[in-house]
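Protein chains: 2
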Amino acid sequence: MNGTSPATDGTMDGFQRVTVIGAGVIGASWTALFLARGLTVTVNDPLPGVAQRTRDQLRQAVPALRAIGLRDGLDRDLRFEADIGKAVADADVVQENGPERLDFKQDLFARIERATGPDTLLLSSTSGIRATAMAQAMTQPGRLVIGHPFNPPHLVPLVEVVPGEQTDPDTVRRAVAFYTALGKKPQVLRKEVPGFVANRLQAAFFREAVNLVVQGVVTEQEIDDVVTSSLGLRWAVAGPFRSFHLGGGPGGLPYFLQHLGPALEDLWRDLGTPTLDAATVELLSGQADFGATVEELESARDEAQIRVMRALGED
Amino acid sequence: MNGTSPATDGTMDGFQRVTVIGAGVIGASWTALFLARGLTVTVNDPLPGVAQRTRDQLRQAVPALRAIGLRDGLDRDLRFEADIGKAVADADVVQENGPERLDFKQDLFARIERATGPDTLLLSSTSGIRATAMAQAMTQPGRLVIGHPFNPPHLVPLVEVVPGEQTDPDTVRRAVAFYTALGKKPQVLRKEVPGFVANRLQAAFFREAVNLVVQGVVTEQEIDDVVTSSLGLRWAVAGPFRSFHLGGGPGGLPYFLQHLGPALEDLWRDLGTPTLDAATVELLSGQADFGATVEELESARDEAQIRVMRALGED
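From first to last, the protein sequence lines are chains A and B. Mapping of the first sequence onto our numbering: position 225 corresponds to residue 225, and the numbering continues sequentially without gaps. Mapping of the second sequence onto our numbering: position 313 corresponds to residue 628, and the numbering continues sequentially without gaps.
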């Protein structure tokens, strides 16, 4: 995006062998990206049929990966290993996507730590558990950092890199180098907050969207149309602060805040605080008719997403 | 956008002569769009030097208009008329962009009403005043409806069409026809709520963005990077409901709400409620360094915006 050129020349900063733990939707998408970037991937997942299911998911990612210029021989460097110790033994990087349970992850990373050398980079895709808590059973908690992707990781650039209290700064530096070499846009957070940044912003936005549907101002489809024809277009090219900076004219954000801040605060006071009670879930579910199957919609979204990313990468 | 083809063949549904009241940033941008679509425009603005200033602003819009395929002979069909009665006398449409003061707009629309025939479509760009209130001094309040653009109107497709309590349904229908013929994406709101839809969603999003900067989780520039590399890209192609519908897998939005709703509500409870007090404004203003002049940033944003719109219009 915007001029970042992924390392397709093999210079992956010494990261060649990646172990993906948990081959659900996120794990399979990471696997597709890693393979497409020329890395060797070992998938660890105890579920029966994982190899076939993963290969099916990889096939689905091929058009997207091909469209953004990646090679597509996705199963050349892929193997499956159900034993966790063997799966991580020679890994340069571990990207974990297991169940979102603290006890599970604590135990898992303690075992991974014992089965790997000190230089193996340990990354968790968790969206809800802090690295500080996750590392509590490790002897070297400095080795673990969160690398939380925005779904699907093979397509959307953002990765939130969230260190725990004991994460070694060098682990953060190496995680950023790894994701950057993959062509991703890593963003390091300075504090461990629930939901990190993107999901918090999304939650705030969705809360008011729910409120406007509940109040009968617009339908779900109408909100979606409003967003794709205004804020989405805008925020694909300039984030909220830059947008308001430009909204302030020559005086920029300081002028904007001084002159339009009070009106903004009036709106803040008027925003809704809906809950997802049974009646609201029923209302929202009842409007959820998007005119095609989820699979068709997803395919159309990904194609459009790729067109937008290519448009922005031209500069 | 997405296959909408503006009426460039002259079939503007009988809307040929437009009067733009108030030639500030919004009024000039509307003027550029109307002229580019082949309409005849009369600008009414009492400020001295308005003709020169408007022509300067139109020149700035030319690259954007040319890039999205419009003709650029922008001052062929443009005239200036300082007398409000004369300015609107033969108008098919009036698009008002005057000061955001209720008494001013009430008086203005009462005068416009007297100076125009009953078929002249009366539209206000207001972002903050309800049509119900604005029409109170009119004898035919049914003729007035809000047509609130997302800035800049010559570039961003959304127009929020917000009827007042007494707005005639036929006025709403004609406003939608007019904006659609211009290639815009009009969205009719069912209720008059402060900030309408887009600004409320934007305010909710910005409130949490401010909170995350105040809490020291990320800087302004980092938030902007997070947004352009994830949510912005996503929402340019699929709005929040469709996105969560796809996030629910084959079960769609109902599945998503049942299974991830509680986690979402946890985040809602954790969102910040900052104020724009002096210290916060100082903090935010202090970080407002975007590495270029506002004019340069705006030009870069508009160019990127056009590339994104073209990418999405290809389907």
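Backbone N, C-alpha and C define an ideal beta-carbon position, used for all residues, glycine too. Please read all numbers here as calculations on a predicted model, not as lab measurements.
What would DSSP say about residue i, mapped onto helix, strand or coil?
i: B:Phe330; result: coil
i: A:Asn44; result: strand
i: A:Arg338; result: Since the first and last residues shown for chain A are 1 and 315, residue 338 of chain A lies out of range.
i: A:Ile129; result: coil
i: B:Pro467; result: coil
i: A:Lys184; result: coil
i: B:Gly462; result: strand
i: B:Ser600; result: helix
i: A:Glu113; result: helix
i: B:Arg394; result: strand
i: B:Val477; result: strand
i: B:Val512; result: coil
i: B:Leu437; result: strand
i: A:Phe192; result: For clarity, residue 192 of chain A is Glu in the given sequence; the question names Phe instead. Note: A:Glu192 maps to coil in three-state DSSP.
i: A:Gln215; result: coil
i: B:Gln410; result: strand
Between residue i and residue j, what straight-line distance do the alpha-carbon atoms span, to the nearest angstrom?
i: B:Trp550; j: A:Val156; result: 12 Å
i: B:Asn412; j: B:Ser439; result: 6 Å
i: A:His351; j: A:Thr19; result: Only positions 1 to 315 of chain A appear in this structure, which leaves residue 351 of chain A out of reach.
i: A:Ala288; j: A:Thr219; result: 10 Å
i: A:Gly3; j: A:Gly313; result: In this predicted model, A:Gly3 has a pLDDT of only 37, less than 50, meaning its place in the structure is not dependable; the value taken from the coordinates is given anyway. Distance between the alpha carbons of A:Gly3 and A:Gly313 is about 6 Å.
i: B:Pro321; j: B:Ile621; result: Low local confidence applies: a pLDDT of 45 at B:Pro321 is under 50, so the model's placement there is unreliable, and no value is given.
i: A:Gly22; j: B:Thr441; result: 52 Å
i: B:Ala450; j: B:Pro433; result: 15 Å
i: B:Val634; j: A:Gly251; result: Residue 634 of chain B is absent from the structure shown; chain B starts at 316 and stops at 630.
i: A:Phe206; j: B:Arg515; result: 11 Å
i: B:Ala518; j: B:Ala524; result: 10 Å
i: B:Ala376; j: A:Val214; result: 39 Å
i: B:Ala578; j: B:Glu475; result: 32 Å
i: A:Ala278; j: A:Ala292; result: 25 Å
i: B:Leu572; j: B:Ala425; result: 48 Å
i: B:Leu548; j: A:Leu233; result: 8 Å
i: B:Gln421; j: B:Ile444; result: 10 Å
i: B:Ile461; j: B:Gly479; result: 8 Å
i: A:Arg66; j: A:Ala51; result: 22 Å
i: A:Gly183; j: A:Val308; result: 16 Å
i: A:Gln221; j: A:Phe290; result: 8 Å
i: A:Val94; j: A:Leu122; result: 5 Å
i: A:Asp225; j: A:Gln166; result: 44 Å
i: B:Asp617; j: B:Ala379; result: 7 Å
i: B:Glu428; j: A:Ser299; result: 50 Å
Using a cut-off of 7 Å between C-beta atoms, extract the partners of residue i located in chain E.
i: A:Asn199; result: Absent from the structure is chain E; the protein chains it does hold are A and B.
Along chain A, in chain order, which residues have C-beta atoms closer than 7 Å to that of residue i?
i: B:Pro565; result: Val294
i: B:Glu613; result: Leu246
i: B:Lys506; result: Gln215, Gly216, Val217
i: B:Leu586; result: Arg200, Ala203, Ala204
i: B:Phe395; result: Those within 7 Å of B:Phe395 in chain A number zero; the least Cβ separation is about 23 Å.
Run through chain A and tell me which residues come within less than 8 Å of residue i, C-beta to C-beta.
i: B:Met550; result: Per the sequence shown, the amino acid found at residue 550 of chain B is Trp instead of Met. The contacting residues are Val227, Thr228, Leu231, Gly232, Trp235, Ala236.
i: B:Gly576; result: Leu276, Val281
i: B:Met624; result: Leu233
Find the residues of chain B that neighbour residue i, judging by a C-beta separation of less than 7 Å, and give them in chain order.
i: A:Thr275; result: Glu580
i: A:Pro357; result: With chain A represented from 1 up to 315, any question about residue 357 of chain A goes unanswered, as that position is not in the structure.
i: A:Asp168; result: Correct list: empty, because the minimum Cβ distance to chain B is about 20 Å.
i: A:Arg301; result: Val552, Ala553, Leu561
i: A:Leu257; result: Leu591, Val596, Leu599, Ser600
i: A:Arg343; result: Because chain A here runs from 1 to 315, residue 343 of chain A falls outside it and cannot be looked at.
i: A:Phe109; result: In chain order: nothing, as chain B lies at least about 22 Å away.
i: A:Arg114; result: Those within 7 Å of A:Arg114 in chain B number zero; the least Cβ separation is about 31 Å.
Regarding residue i and the ligand FMN, is the C-beta to nearest heavy atom distance less than 7 Å?
i: A:Thr139; result: This structure does not include the ligand FMN; it has no bound ligands of any sort.
Give the residues of chain B in contact with residue i, contact being defined as C-beta atoms less than 8 Å apart.
i: A:Gly128; result: Ala578
i: A:Ala67; result: Near A:Ala67 there are no residues of chain B at all, since even the closest Cβ is about 12 Å away, more than 8 Å.
What does residue i touch in chain B if you count any residue whose Cβ is under 9 Å from its own?
i: A:Lys185; result: Asp540, Val541, Thr543, Ser544, Ser545
i: A:Leu312; result: Thr543, Leu548, Ala619, Arg622, Val623, Ala626
i: A:Phe178; result: Result: empty, since nearest Cβ-Cβ is about 16 Å, beyond 9 Å.
Below 9 Å on C-beta distance, what does residue i contact in chain A?
i: B:Gln620; result: Leu233, Arg234, Ala236, Val237, Ala238
i: B:Pro678; result: In the structure as shown, chain B starts at 316 and stops at 630, and residue 678 of chain B therefore has no counterpart that could be examined.
Any residues in the segment 201 to 224 of chain A with a beta carbon nearer than 7 Å to a beta carbon of chain B? Which ones, in chain order?
-> Leu201, Gln202, Ala203, Ala204, Phe205, Phe206, Arg207, Glu208, Ala209, Leu212, Gln215, Gly216, Val217, Val218, Glu220, Glu222, Ile223, Asp224
Would you call the segment 480 to 488 of chain B and the segment 173 to 181 of chain A touching, i.e. three or more CB-CB distances under 8 Å?
-> no
Counting pairs of beta carbons, one from the segment 189 to 201 of chain A and one from the segment 569 to 589 of chain B, are three or more of them closer than 8 Å?
-> yes
Cβ-based contacts, 8 Å cut-off: residues of the segment 448 to 482 of chain B near chain A | Phe465, Asn466, Val471, Pro472, Leu473, Glu475
Cβ-based contacts, 7 Å cut-off: residues of the segment 94 to 105 of chain A near chain B | none
Contact residues within the segment 329 to 356 of chain B, judged by C-beta distance below 7 Å to chain A | none
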